[in-house]
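I have placed the structure first, in the form of structure tokens, so that the comments after it can refer back to it.
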Amino acid sequence: MLSAASPLDRRPVRFLVLGSSLVIVVVLQVLLRDPTIAWASAPIALLAGLAGGRRSPLVLSCIAAVAHVGVDLWLGVTVAQVPGLLLRSLVLPGLALVGMANQLSERQRDKAMHRAVVEDPVTGLLNVRAFYAELAKLRAAGRSFTILLADIRGMRALNERYGHPTGTEAMRALAHVLRREAGTDVLASRLGSDEMAVAFVDEGRTRTREVIDGIIRRLHDEQVLLPDGQRFEVHAAYGLARYPEDGEDEVAVLRAADRAKEQAKVAGLDKVGSADGEVS
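Shown next as structure tokens:
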């Protein structure tokens, strides 16, 4: 059972509460005529930083510091109290900055954890599980998509002769080209040791073919330097299939694209096979 979100989960509400708390502290300082009351703003400034935001916590704490100094001047301060007042004026923004730094660090950790869950560590593309999950979401939303499979030719021989680190460089080269040519609005994944997939969402066959032609042209410029000084030219075989025309779900479409890719392998380097049996 889902519970309703607390109003305090919303950042504007949190800052309204914290700002009101600072106002209360300032009012108490005036009513009690006690400068030490202002130190109660210190934990509030820290909480403001922890609440998130790039500028709001610092602005809030600086306003509080100025307000407290104004009250101190209105009440009258002694020379002995001046160092403490100056220290407090620095502490409030400082605590806000500490809270902001901690919040930023937590966000960075969350992003790193998210990347570890959904990304392939070698290529930075989606891993298999995340890719299938995204395709399932598209299918559930009634969206059409085209799957492009790319299989690097000669990867097994490359790994056996020069080792897997060299094969990894070839995979990175293909991933770089896929990202550059397909753009950021597509889903891309590493499916295996020598295979990657791209999902074009709501795109026609013409646009998909343009991207494939760009990938093939760009790969001609991508060469992997081998340990013996030679260069490995990256070539691939490609398979295309479209949902819902070529399969009832993402698994069936990927299988159709895989069959098309196998036909392209037989035809030669840099060939593109389609689920309808056409190879070009």
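Residues 0 to 279 in numbering that gives the first Met the number 0 are what the sequence shown lists, from first letter to last.
Cβ coordinates follow ideal geometry from the N, Cα and C atoms, glycine included.
Buried or exposed (CB count within 10 angstroms, at least 16 for buried), Pro6: The predicted model places Pro6 with a pLDDT of 45, which falls under 50 and marks its position as unreliable; any figure quoted below should be read in that light. It counts as exposed.
Simplified DSSP assignment, three categories, for Leu125: strand
CA-to-CA distance, Met112 to Ala236, given in whole angstroms: 34 Å
Stretch pair the stretch 128-142 + the stretch 178-195: three plus CB contacts closer than 8 Å: Look at the beta carbons and you see the stretch 128-142 touching the stretch 178-195: at least three pairs across the two are nearer than 8 Å.
Neighbourhood of Glu202 by C-beta, 7 Å cutoff - its chain only, sequence neighbours within 5 removed: Thr145
Beta carbon proximity, Gly238 to chain B, threshold 8 Å: This model lacks chain B altogether, as it is built from one protein chain only.
Three or more C-beta pairs below 8 Å linking the stretch 225-239 and the stretch 260-267: With a cut-off of 8 Å, the stretch 260-267 and the stretch 225-239 count as touching, because enough Cβ pairs lie within range.
Simplified DSSP assignment, three categories, for Leu7: Caution is warranted here: a pLDDT of 42 is assigned to Leu7, below 50, making its placement in the model unreliable, and no coordinate value can be reported.
Alpha-carbon to alpha-carbon, Ala129 and Pro42: 41 Å
As assigned by DSSP and simplified to three states, the class of Val97: helix
Cβ-Cβ distance between Ala149 and Glu194 below 8 Å: A contact, by the Cβ cut-off of 8 Å.
For Lys270 and Ile215, the rounded distance between their alpha carbons: 9 Å
Bridge partner(s) assigned by DSSP for Ser143: Partner(s): none; Ser143 has no beta bridge.
Nearest-angstrom Cα separation, counted from Glu247 out to His175: Distance from the CA atom of His175 to the CA atom of Glu247, rounded to whole angstroms, is 31 Å.
Residue environment, Asp71, which counts as buried when at least 16 other CB atoms sit within 10 Å: buried
Beta-carbon gap between Ala127 and Leu45 smaller than 8 Å: Correcting the residue type first, residue 127 is Val in the shown sequence and not Ala. Against a cut-off of 8 Å, the Cβ pair of Leu45 and Val127 comes out as no contact.
Among Leu268, Ala240, Ala251 and His163, nearest to Gly276 - alpha-carbon criterion: Of the candidates Leu268, Ala240, Ala251 and His163, the one whose C-alpha sits nearest the C-alpha of Gly276 is Ala240.
7 Å CB neighbourhood of Leu17 in its chain, flanking five on each side removed: Ile43, Leu46, Ala47, Ala50 and Leu59
For Leu224 and Ser159, the rounded distance between their alpha carbons: A small fix is needed here, since residue 159 is Glu in this sequence, not Ser. Approximately 16 Å between the Cα atoms of the pair.
Limits of the alpha helix (DSSP H) - the one that Ser60 falls within: Secondary structure note for Ser60: its alpha helix (DSSP H) is the uninterrupted segment Ser55 to Leu74.
Ala66 versus Ser279, Glu168, Leu91 and Ala255, residue with shortest Cα-Cα distance: A check of alpha carbon separations from Ala66 across Ser279, Glu168, Leu91 and Ala255 identifies Leu91 as the nearest.
C-beta contact flag for Ala37 and Arg87 at 8 Å: Judged by their CB atoms, Ala37 and Arg87 are nearer to each other than the 8 Å cut-off.
Length of the line joining the Cα atoms of Trp73 and Ala79: Those two C-alpha atoms are separated by around 16 Å.
Simplified DSSP assignment, three categories, for Ser104: helix
Closest residue to Thr267 among Met99, Asp220, Arg152 and Val26 (Cα-Cα distance): Checking the sequence, you will find Gly at residue 267 rather than Thr. With respect to the C-alpha of Gly267, the residue from Met99, Asp220, Arg152 and Val26 having the closest C-alpha is Arg152.
Contact check, Arg179 vs Arg217, beta carbons under 8 Å: Yes, the Cβ-Cβ distance between Arg179 and Arg217 is below 8 Å.
Selected residue, minimal CA-CA separation from Val197, among Leu253, Glu221 and Thr167: In terms of CA proximity to Val197, Leu253 leads the group Leu253, Glu221 and Thr167.
Gln222 (DSSP reduced to helix, strand or coil): If DSSP states are grouped into helix, strand and coil, Gln222 belongs with the strands.
Burial state of Thr205 (16 or more Cβ within 10 Å): Exposed: under 16 other Cβ atoms inside 10 Å.
DSSP state of Leu177 mapped onto helix, strand, coil: If DSSP states are grouped into helix, strand and coil, Leu177 belongs with the helices.
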